[in-house]
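> Note that the protein sequences, when read in sequence, are chains A and B. Using my numbering, read the first sequence as starting at -2 and increasing by one per residue. Using my numbering, read the second sequence as starting at -2 and increasing by one per residue. Each residue gets a CB set at the ideal place from its N, CA and C atoms; glycine is no exception.
There are 2 protein chains.
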Amino acid sequence: MLADHPLLSKLARAMVLSEDEIIAIRAVPVQSAQVKADQIISREGDKPSRSFLLSEGVTCTSKVVAGGKRQIMALHILGDVPDMHTLHLKLLDSDIWAITDCQLDYMPHADLRRLNLAHPRLGEDLWRATLVDGSIHREWVVNVGQREAPSRMAHLFCEIMVRSKQAGLAQDGTCPFPVTQADLSEMTGLSPVHVNRTLQALRGQGLISFGQGRLTIHDWDGLVELGDFRDDYLHLPEPVDPMA
Amino acid sequence: MLADHPLLSKLARAMVLSEDEIIAIRAVPVQSAQVKADQIISREGDKPSRSFLLSEGVTCTSKVVAGGKRQIMALHILGDVPDMHTLHLKLLDSDIWAITDCQLDYMPHADLRRLNLAHPRLGEDLWRATLVDGSIHREWVVNVGQREAPSRMAHLFCEIMVRSKQAGLAQDGTCPFPVTQADLSEMTGLSPVHVNRTLQALRGQGLISFGQGRLTIHDWDGLVELGDFRDDYLHLPEPVDPMA
DNA sequence: CGATTTATTGAAGAAACTCAACTCGAGTGG
DNA sequence: CCACTCGAGTTGAGTTTCTTCAATAAATCG
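1) Could you round the C-beta distance between H106 of chain B and S46 of chain B to whole angstroms and report it? I think they count as a contact, below 8 Å.
2) Check each candidate in B:L51, B:V13, B:H116 and name the one with the smallest Cα separation from S29 of chain B.
3) With DSSP collapsed to three states, give me the class of G142 of chain B.
4) Determine, for T58 of chain A, whether the minimum Cβ-Cβ distance to residues of chain B falls below 8 Å.
5) Rounded to whole angstroms, what is the Cα-Cα separation between K162 of chain A and D238 of chain A?
6) Terminal residues of the continuous beta strand (DSSP E) containing L101 of chain B?
7) Just verifying my parser: in three-state terms, what is the DSSP assignment at D244 of chain B?
8) What is the DSSP secondary structure of R211 of chain A, counted as helix, strand or coil?
9) For V192 of chain A, would you say it is in contact with chain B, using Cβ-to-Cβ distances shorter than 8 Å as the test?
10) So, for H2 of chain B: in the same chain, excluding its five sequence neighbours on each side, which residues have a beta-carbon less than 8 Å away from its beta-carbon?
11) Taking only beta-carbon positions, decide if M150 of chain A is within less than 8 Å of chain B.
12) Kindly indicate which residue of A:F49, A:I20, A:S48, A:C57 has the alpha-carbon position closest to the one of I37 of chain A.
13) Using a C-beta to C-beta distance shorter than 7 Å, which residues of chain A count as neighbours of W137 of chain B?
14) Within the continuous alpha helix (DSSP H) that includes R194 of chain B, where are the two ends?
15) In whole angstroms, what is the alpha-carbon distance linking E18 of chain A and L109 of chain B?
16) Return helix, strand or coil for M(-2) of chain B, following the three-state DSSP convention.
17) Grouping DSSP H, G and I as helix and E and B as strand, with all else coil, what is H73 of chain A?
18) Below 7 Å between beta carbons is the criterion; list the residues of the stretch 187 to 219 of chain B that meet it against any residue of chain A, in chain order.
19) Give me the chain B residues within the contact set of P234 of chain A, using Cβ-Cβ distance strictly less than 9 Å, ordered along the chain.
20) At a CB-CB cut-off below 7 Å, which residues of chain A make contact with S15 of chain B?
21) Give the secondary structure of L51 of chain B by DSSP, where H, G and I count as helix, E and B as strand, and everything else as coil.
22) I need the boundaries of the beta strand (DSSP E) containing P173 of chain B, first residue and last residue.
23) Distance cutoff 8 Å, beta carbons only. Does E121 of chain B sit that close to anything in chain A?
24) Which value, in whole angstroms, describes the spacing of the CA atoms of F154 of chain A and L212 of chain A?
25) Please state whether the Cβ-Cβ distance between V141 of chain A and T83 of chain A is less than 8 Å.
26) Buried or exposed: which applies to Q127 of chain B, given that a residue is buried once 16 or more other Cβ atoms fall within 10 Å of its Cβ?
27) Can you give the Cα-Cα distance for M(-2) of chain B and H116 of chain A, rounded to whole angstroms?
28) Who pairs with Q31 of chain A in a beta bridge, going by DSSP?
29) Answer with buried or exposed for L114 of chain B, where buried requires no fewer than 16 other C-beta atoms within 10 angstroms of its C-beta.
30) Please check the pair V176 of chain B and I96 of chain B, which I expect to be a contact at CB under 8 Å, by giving their CB distance rounded to whole angstroms.
31) Between which two residues does the alpha helix (DSSP H) harbouring V221 of chain A extend?
32) Of the residues B:F49, B:H73, B:S48, which one's Cα is nearest the Cα of S59 of chain B?
33) What ranges does the alpha helix (DSSP H) occupy inside the stretch 106 to 137 of chain B, keeping only unbroken runs of at least 4 residues that lie completely in it?
34) For I69 of chain A, which residues in the same chain have their Cβ closer than 8 Å to its Cβ, ignoring the five residues on either side in sequence?
35) Give the residues from the stretch 69 to 82 of chain B that approach chain A closer than 9 Å (Cβ to any Cβ), ordered along the chain.
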C-alpha cells in the first residue's frame, strides 16, 4: 500500500523504494487544502515555506504582462509539484492558479530538505522532476516561438494527452482537459478568436474533439504530424501509448 | 585565490565556502576544450557523461522544428553551465551550439554527483542554478508569447545586460553581445527582416546601439519600460546596476 | 582583393488581431 | 416555471503585425 502518502505514489513510479526511503517519505508531514476553480494559489513575489503536490485538479503557472494580458507558461496535473522550485528559489517568480477545483497536498520545505539530505537518491529524483519542468518550458518556447496556430495547438494537445496518460488519467484517446478556449489562448499566445477558429479547423479535419472538459484525439498520427510532436522532451521513464 | 577551478568562482559568488568544500570542489577534475564559432557542442539525443562550465564565449540551446526553422530557447554566457540538466536527465533534449569561439570546462557527472553527495549545500546551489534556468525559460515563454516585436527585443536586451553585468562582462551600459541579427531572430521567434526593422526602431528612439559584437544601452529606463522588464525572474543573489 | 556572410530596403501577401455582434447553455431569482 | 443574467463559444469584417521574396548594400574574412 504505497498510496498513503502523495510523495510515495509519485516517487514509487520512478524507482523502487527501499524500506528506509519509504519510512522517510512517510515522515514528511502533509497538509491538504482545497482550492476552488479560478482562485490564485500563490502569487509572484510570495516566499512560500512549503510546496504542494497536486492530487486533484489542474493548475497553471502564469504571468501578466504590461498590457494586462496573461501568458500561461505551464500546466500541471495530478502528481505534479507546480512550485517545487520554491524549495531553492526564495521568491516565487510567477503566479500559480487553480484552473479547476483542486486538492493540494502541502509539504514543508524544511522536511523536503531533510529528505534530500538523508536520502540523496530521492533528492535527485525531485531535482530531476524540476529538470523535466525545465525541458517542457523549453519546448513551449519552441511551440510559441515557431509553430503557427494549428501546429501549436496540436502540439499542446499531444502533450496533454501523453502526460495525462502517464498520470493514469487518459483512456482510449480521451482525457480530462477542463479548460476554456480563453485558457487555451493564454497557453498558446493566440487570441481567443483565433483559438476558436483553429479548434474548428482541427475538429473539421477529424483530429480531435474538445469540450465539456474533455479532450479526445481521433487521429493520433495526424495530430503528431501536424503538431511536429516528439515526446522525448517529456523524459518519460518508460514509453507511453497515449491512445491505449 | 579562488579562480583556480571554474566551479570555485561560480559557487563562491553565491556563498561563503568552507575549507572542506573548497577542497572537494578542487577535487572535481576539469577537462578544457575549445570550440569554434557555429560548431555544435552537443546534439539532441546525446547522452553526455559530463557537463561543461562555459568559461569563455557564448553558447545557445536550440531546437529545429518541422519546417526546418530553428528556435533558440536559451543563451549562455561566462560562468553558466548550459547542460547541467544532463546530470539527471539521461537524454539531451535540445542542441547546444557555440555562437562564438568558446572555452568549455568539462566536469564528469560522476564527480559532480559525488560532490552533491558529500556536500549537499553545494548540490543545492547547483540545483538552484538549474532552477534559475527554468525561471528564465518561463520568462522567454512570456516574451515570445505575449510581447510584440519592439517590446520583445527590448526585453531580451535588458536580460542580456543584467546577466552580463552580473558575470562581470558589462561596464557603463555596454556588454559583449556577439550575435547576428539571424541569431536574434531565432531567439525572438521573429523573421530576420523584422528583427532588422525593429532594431532600427530601437536605435532610432535612442535606446540602444547594437553591432560589432557589442550591445550598448543608452536609455535603461526607456528600454525597461518598453520591454516590460523586471529582473526578479533572474533571481539575482544581490541587486545589480546594469548601467554602472 | 574577391568571396561570402551579414545587413538593409521595398513591396506584396498571409497569419493573426481587434472589435463588435450574436448564440447558446447553465444557472439564478422573481 | 420562465425571464434574466452571465460566461463561454461563435461569426463577420476590417486592420495590424509580421512574413516572405527578392534584390541591393555593406561588412567581414581568407
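According to the structure data:
1) The C-beta separation of H106 of chain B from S46 of chain B comes to about 6 Å, placing the pair in contact by the 8 Å criterion.
2) B:L51
3) helix
4) Yes, its Cβ sits closer than 8 Å to a Cβ of chain B.
5) 8 Å
6) 99 to 105
7) Nothing can be reported for residue 244 of chain B, as the shown portion of chain B is limited to -2 through 241.
8) It is a strand residue.
9) no
10) I22, R23, V25, V27
11) Not one chain B Cβ lies under 8 Å of M150 of chain A.
12) Cα-wise, what sits closest to I37 of chain A is A:C57.
13) V138
14) 189 to 201
15) 23 Å
16) In this prediction, M(-2) of chain B has a pLDDT of 49, which is less than 50 and means its spatial position is unreliable; what the coordinates show is noted afterwards. Coil, per DSSP.
17) The answer is strand: DSSP assigns H73 of chain A an E or B state.
18) Per Cβ criterion, the list is empty.
19) Simply none; closest approach about 10 Å.
20) Annotation: S15 of chain B has no Cβ neighbours in chain A at a cutoff of 7 Å; minimum Cβ distance is about 16 Å.
21) strand
22) 171 to 173
23) yes
24) 8 Å
25) no
26) Position check: residue 127 of chain B holds Thr in this sequence, whereas Gln was assumed. It counts as buried.
27) Any reading at M(-2) of chain B is ruled out, since the residue's pLDDT is 49, under 50, leaving its predicted position unreliable.
28) According to the DSSP secondary-structure assignment, Q31 of chain A is paired through a beta bridge with A:Q100.
29) Around the Cβ of L114 of chain B, a 10 Å sphere holds fewer than 16 other Cβ atoms; the residue is exposed.
30) 6 Å
31) 217 to 224
32) B:H73
33) List check, alpha helix (DSSP H) in window: 106 to 115.
34) Counting only residues of its own chain and dropping the five nearest sequence neighbours on each side, I69 of chain A has a CB closer than 8 Å to the CB of C57, T58, S59, D180, E183, M184.
35) For the stretch 69 to 82 of chain B, the residues whose beta carbon sits under 9 Å from a beta carbon of chain A are, in order, I69, M70, A71, M81, H82.
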